[in-house]
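Following: one structure in structure tokens, then a few remarks.
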């Protein structure tokens, strides 16, 4: 390993440690009570290093939200090669489930929403870097499915949100109002039902019929 | 009214019963006679918002098509959210969940579950008149409400300035298109 890549890898390790410590800190006490000094201590870096990576608490918080949505844990499987539309959507669904229930996404969302009155810009950035960034990924997947003929041409911006909204009705809305919301037992069946609904609305005739024949055969 | 304005201005934890009593021009004793606690008062505010436009019975007029009825439902739903400050109240409650879980549960019951029940009754009525295919209306109400919320309400939770977009009608009709593709009288099985 060359010196430059060694330095880069140390820097990335520190960045990851900072993000982890910051996330725990924000989740524990909310945005306003989280302190940069404490986050540096928990991440085992100097405050100078912390500020080198993130110039402000704002920037740090925005990075956490972005990381939660599109970082290694949250990145979606966007390659549709060799997968049916249903499987592609199921993969997205399972990443989503993982984020919501193991990734404490709902607690993070609550913190963002709590900051709307006092720090509107922060909330707006978190929304753009998190929610909208992920929708862009999903829309790209849907575009690829339309191009392949699995889905009918349709308004992809709204269609993606129709699917997202159906899933969120069971996964996010109840959870936002319930501390320590647990994954419901029938959640996989509910997600499948939402994907069925989405494919019925937007699926091309031939693509909807195909997996059904397969199910009957098994 | 004084209580709602106060909650909207200050959020839940910073709202004070003394200030609310002063704004309403009553004594704190009178205020507490009506509402035993701040939590009870907030619940009443939420219930009031939901009651004002959350009841959909009577939405079906003679000669209406399914699309016309669904359009009226969507408009009524969004009116609660955007004209009666339900979005702002939702934000307040969501922020308070860790500190006041009872409050949040109560609000979800009124603005979530009970409203879905009310939607379901209209869907059942449409089914019985043959205007929609027979379907699980409880599930259908949640799918419809979920789509509508995702398009309009979810972005507004993150931005207090956000109102309904200029192309609201087109977006509502795309939600209705989706619902009718699932459960319209001509929908495939």
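Protein chains in written order, with the numbering used here: chain A, 107 to 324; chain B, 24 to 212. Ideal placement from N, C-alpha and C gives every residue a C-beta, glycine not left out. None of the values given here were measured: they were computed from a predicted structure.
In the same chain as residue 122 of chain B, and ignoring 5 residues on each side of it, the C-beta atoms closer than 8 Å to its own belong to 36, in chain order. Ranked by how close their Cα comes to the Cα of residue 68 of chain B, the residues B:182, B:173, B:127 and B:157 have B:127 in first place. The C-beta of residue 285 of chain A comes closer than 8 Å to at least one C-beta of chain B. For residue 257 of chain A, the three-state secondary structure derived from DSSP is strand. If only complete runs of 4 or more residues are kept, the segment 115 to 194 of chain B shows the alpha helix (DSSP H) at 124 to 130, 138 to 151, 160 to 171 and 177 to 180, in order along the chain. Listed in chain order, the alpha helix (DSSP H) elements of length 4 or more contained wholly in the segment 116 to 183 of chain A are 142 to 149, 153 to 159 and 163 to 176. In its chain, beyond the 5 residues on either side, 206, 278, 281, 282 and 287 have a beta carbon closer than 7 Å to the beta carbon of residue 212 of chain A.
Fewer than three beta-carbon pairs drawn from the segment 227 to 236 of chain A and the segment 156 to 173 of chain B are found closer than 8 Å, and the two stretches are therefore not classed as touching. Counting only Cβ-Cβ distances below 8 Å, residue 216 of chain A has contacts in chain B at 117, 118, 120 and 121, in chain order. In the DSSP assignment, residue 80 of chain B falls outside any alpha helix (DSSP H), carrying neither H nor E.
A residue is called buried when at least 16 other Cβ atoms come within 10 angstroms of its Cβ; residue 153 of chain A does not meet this threshold and is exposed. Chain order gives no chain A residues near residue 156 of chain B, where near means a beta carbon separation below 9 Å; the closest approach is about 12 Å. Rounded to whole angstroms, residue 80 of chain B and residue 150 of chain B show a C-alpha spacing of 15 Å. When the Cα atoms are used, residue 163 of chain A and residue 143 of chain A turn out to be separated by approximately 10 Å. DSSP places residue 188 of chain A in the coil class of the three-state scheme, outside both helix and strand. For residue 230 of chain A, the chain B residues whose Cβ falls inside 7 Å of its Cβ are 181 and 182, in order along the chain. In terms of beta-carbon proximity, residue 139 of chain A stays away from the interface with chain B, with every pair separated by 8 Å or more. Contact between the segment 182 to 201 of chain B and the segment 261 to 268 of chain A is established, with three or more Cβ pairs separated by less than 8 Å. Counting C-beta pairs closer than 8 Å gives three or more between the segment 165 to 184 of chain B and the segment 219 to 227 of chain A, which meets the contact rule.
Spatial neighbours of residue 301 of chain A in its own chain (CB-CB distance under 8 Å, excluding positions within 5 residues in sequence) are listed in chain order as 192, 195, 196, 199 and 269. Our two residues, residue 185 of chain A and residue 240 of chain A, have alpha carbons roughly 15 Å apart in a direct line. At a Cβ-Cβ threshold of 8 Å, residue 137 of chain A and residue 160 of chain A do not count as neighbours.
For residue 278 of chain A, there is no enclosing alpha helix (DSSP H), as DSSP gives it neither H nor E.
Around the beta-carbon of residue 141 of chain B, 16 or more other beta-carbon atoms lie within 10 Å, marking it buried. Excluding residues up to 5 positions away in sequence, 149, 150 and 151 lie with their Cβ nearer than 8 Å to the Cβ of residue 123 of chain A in the same chain.
Judged by DSSP secondary structure, residue 104 of chain B falls within the alpha helix (DSSP H) whose first and last residues are 89 to 106.
Taking C-alpha positions only, residue 94 of chain B is separated from residue 50 of chain B by approximately 45 Å. Residue-level contact by beta carbon fails for residue 170 of chain A and chain B, as no gap is shorter than 8 Å.
Taking a C-beta distance under 8 Å as the contact criterion, residue 258 of chain A and residue 308 of chain A qualify as a contact pair.
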